[in-house]
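In the working numbering, the protein residues as written are 1193 to 1420.
Backbone N, C-alpha and C define an ideal beta-carbon position, used for all residues, glycine too.
First up is the structure itself, then whatever we jot down about it.
See below:
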């Protein structure tokens, strides 16, 4: 695995929240160097055509798997903002295709694709509400942890975020261990925020200009001493 190739081409690499396969990325960048006249966008679009053919020709019983592989590939190989913009329509098409399919409503793969789409919108609340109303992902811990995190980080709605995690726990969303861990981590973050706030308020104010009298100053300083 040649990480030097990645270092040499950092300006062409857009980070992914879920991380990027270093080996695949190195191979991709190497191919770009060997064929500098080949347009990266054209390469990406040609490969997308192959994936679209796979979707068109698929007649098995798990079409979502083809979509999942397609989207993962697209995210992995979208090495610029321009190409990443082409991934969003894929997410939209996939989520629409299966939103009424009972086979996939509680499938973690389908929910993860929804979460990827939610990451691209400004306000995720409406999308989460849509999922809840349509019973998509509501038995999965990922649904509640993701919604709670969006409330906490994007809205600062800490009480609502905690309530959403508790809701998932009460509904016994799976895996339960993930919800318990999320609750523990949330409580730790809340405690840390409280400590940080207390630390800020405990910082003493700066002394007034010219200084001020402190304990131990000679109160008689400057007084005229009266002789008896």
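- Judged by their CB atoms, residue 1333 and residue 1343 are not nearer to each other than the 8 Å cut-off.
- Under the three-state reduction of DSSP output, residue 1366 falls in the strand class.
- Taking C-beta atoms as the reference points, residue 1297 and residue 1328 count as a pair closer than 8 Å.
- Residue 1253 sits away from residue 1301, with the two beta carbons spaced by 8 Å or more.
- Under DSSP, residue 1332 forms a beta bridge with 1366.
- In terms of Cα proximity to residue 1367, the closest of 1236, 1391, 1336, 1385 is 1336.
- The three-state secondary structure of residue 1298, taken from DSSP, is coil.
- Excluding five sequence positions before and after residue 1378, the CB atoms of its chain that fall closer than 8 Å to its own CB belong to 1340, 1344, 1353, 1354, 1357, given in chain order.
- Taking 8 Å as the cut-off, the beta carbon of residue 1257 is found no closer than this to the beta carbon of residue 1270.
- In this structure, the beta-carbon distance from residue 1275 to residue 1308 does not fall below 8 Å.
- The closest CA to that of residue 1233, considering only 1273, 1363, 1291, is found on 1273.
- Residue 1389 is classed as exposed because its beta carbon has fewer than 16 other beta carbons within 10 Å across all chains shown.
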